[in-house]
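*Asks:*
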Amino acid sequence: MAATNDKSSPKRNRGWYQDDLTEVNEPIRRLLESYSKVPSSDVVQHVNSIRERGFAANPYPCIGLYRFTNLTLITHSLYDRIVSRLMTTDDATYLDVGCCFGQDMRQLVQDGVPSARLTGLDVAGPLMELGYEFFLDRETLQSRFVVTDVFQGPAQGAVWTELEERGGADVMHCSAFFHLFTLERQIAAAEQLSRLVKKGGIIVGRQMGSVKPGDVPAIQDGSVSYRHNVETFNAMWREVGEATSTRWEVEGTMDMIGINPNSPVEDENSRRLLFTVSRVE
Ligand SMILES: C[S@@+](CC[C@H](N)C(=O)[O-])C[C@H]1O[C@@H](n2cnc3c(N)ncnc32)[C@H](O)[C@@H]1O
1 MAATNDKSSP KRNRGWYQDD LTEVNEPIRR LLESYSKVPS SDVVQHVNSI
51 RERGFAANPY PCIGLYRFTN LTLITHSLYD RIVSRLMTTD DATYLDVGCC
101 FGQDMRQLVQ DGVPSARLTG LDVAGPLMEL GYEFFLDRET LQSRFVVTDV
151 FQGPAQGAVW TELEERGGAD VMHCSAFFHL FTLERQIAAA EQLSRLVKKG
201 GIIVGRQMGS VKPGDVPAIQ DGSVSYRHNV ETFNAMWREV GEATSTRWEV
251 EGTMDMIGIN PNSPVEDENS RRLLFTVSRV E
């Protein structure tokens, strides 16, 4: 799907480019004001400008519909424990898969986590680059960003194998990622990602779930992606465990927070799936 800068072009989007925001709410407003020092009066314009440039680089619904402004890692029930683990364990590491602008990483830094312990991973380098302009921290942030395709895994050489060092990450964040793909591709991605989490580590995140798990139309014409409920997500990780000689425990909840059944990417079955996948073997 080609993005164009002509706002009136029907090709620009398929319904997931909403009008410019006129308000930016907490907690991203607070993060932009306190971490990035964006003046309060400039926040709306700043967010609209980053959305514009991000959508031109990569026209995902999460960008066009401003979903990136909803910080959700901080709403996870383990958030405080994650912050504490990353702050107090010297060699603790965090890997954000499909990090986009790296917004959740900046929240962790704002909450006291040393930025050098955080790594962002995304196949789209321009989005991670734009993250520096979003958060105005190119000179100060010590986090690493790696341009990597999860599906290619170790075939990409050092850029991937370095992520496996020390047995993988303590905490992996994986939000709005698996739901982009078919179930078969989700399993393939999870098998690759399972190499990047250490024993005792966790994967946390949120994604679009459904009370009727199954395929829904995806953003590429004619393609589908799979939406889970907690049971199917658990079954997926059982299969991943068997294929990779690892073992995972899944906890999850589904709710309606942030769900708009009338939006172009949701329907009456859609739910927000919040999960924790713990590596126990
Ligand atoms: C829907 S966005 C979610 C961004 C962010 N995690 C959030 O919750 O707002 C999905 C992200 O996954 C990235 N992505 C898609 N396919 C990927 C792949 N094969 N390997 C790595 N990243 C990928 C996209 O570039 C995009 O930034």
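Those letters in the sequence shown? Residues 1 to 281, by the UniProt record's numbering.
From the three backbone atoms N, C-alpha and C, an ideal C-beta is built for every residue, glycine too.
Fair warning: this is a prediction, and the values are worked out from it, not measured in the lab.
According to DSSP, what are the bridge partners of Met254?
*Replies:* Leu273
*Asks:* How many whole angstroms separate the CB atoms of Ser225 and Val216, which I take to be in contact at a CB cut-off of 8 Å?
*Replies:* 6 Å
*Asks:* Would the C-beta of Ala124 count as close to ligand 1, meaning under 7 Å from any of its heavy atoms?
*Replies:* yes
*Asks:* Just how far apart, CA to CA, sit Arg53 and Met128?
*Replies:* 12 Å
*Asks:* Using only the heavy atoms of ligand 1, determine whether one of them is closer than 7 Å to the beta carbon of Gly98.
*Replies:* Under cutoff, so the answer is yes.
*Asks:* Go ahead and label Gly200 buried or exposed: buried means 16 or more other beta carbons lie within 10 angstroms of its beta carbon, across all protein chains shown.
*Replies:* Within a 10 Å sphere around the beta-carbon of Gly200 sit fewer than 16 other beta-carbons, which makes this residue exposed.
*Asks:* Could you check if Arg67 belongs to the surroundings of ligand 1, using beta carbon to heavy atom distance under 7 Å?
*Replies:* Look at Arg67: its beta carbon is less than 7 Å from one of the heavy atoms in ligand 1.
*Asks:* Within the present structure, is the beta-carbon of Leu180 separated from the nearest heavy atom of ligand 1 by less than 7 Å?
*Replies:* yes
*Asks:* Can the beta-carbon of Val44 be found closer than 8 Å to that of Thr22?
*Replies:* Cβ distance < 8 Å, so Val44 and Thr22 count as in contact.
*Asks:* DSSP state of Glu249, grouped into three classes?
*Replies:* strand
*Asks:* Measuring alpha carbon to alpha carbon, tell me which residue in Pro61, Val230, Leu73, Gly64 is nearest Ile28.
*Replies:* Leu73
*Asks:* Are there three or more Cβ pairs, one per stretch, closer than 8 Å when the region 140-151 is compared with the region 31-49?
*Replies:* no
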